[in-house]
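Participant: Can you keep this structure in mind? I'll have questions shortly.
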Amino acid sequence: MHTFRIRELSQNCTGHTPTNLNFPPFSTNRRRPAYDIKNDGMSLRFTIFASPSQKTFRTKRILAKASRQNRPIPQWFRLKSDTKIQYNAKRRHWRRTKLNI
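Counting from 1, position 91 in the sequence shown corresponds to residue 90 in numbering that gives the first Met the number 0; the numbering is continuous, with no gaps.
In structure tokens, the structure reads:
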């Protein structure tokens, strides 16, 4: 599937399909496997981000904190008379805004 998508992207960028698509499916870097396509001296680099199945404790701790912060403010806080905060301005959608970890 990834090979087909890369071939389709490279065809759209350069106008024709490159002849040599014999590259490994993943790079040696486990966190950021990447595909390289070299065509006519021009290099296109597509980085495919993959989340490893076994996360480090540091990564897991950051994800846990982000999930705790990603919630609306309590109703009792909204009903307090001396506050002007009506919503959580730092809410994050999982598809729109990424954590960059």
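Where a beta carbon is used, it is the ideal one built from N, C-alpha and C, also for glycine. All values reported here derive from a predicted model rather than from experimental measurement.
On a CA-only basis, which of GLN68, ASP81, ILE72 is nearest TRP93? Give me that one, please.
Facilitator: With distances taken between Cα atoms, TRP93 lies closest to GLN68.
Participant: Cα separation between ARG90 and ALA65?
Facilitator: Those two C-alpha atoms are separated by around 10 Å.
Participant: Round the Cβ separation of PRO73 and ASN87 to the nearest angstrom and send it over; I've been treating them as touching at under 8 Å.
Facilitator: Not a contact, Cβ separation roughly 10 Å.
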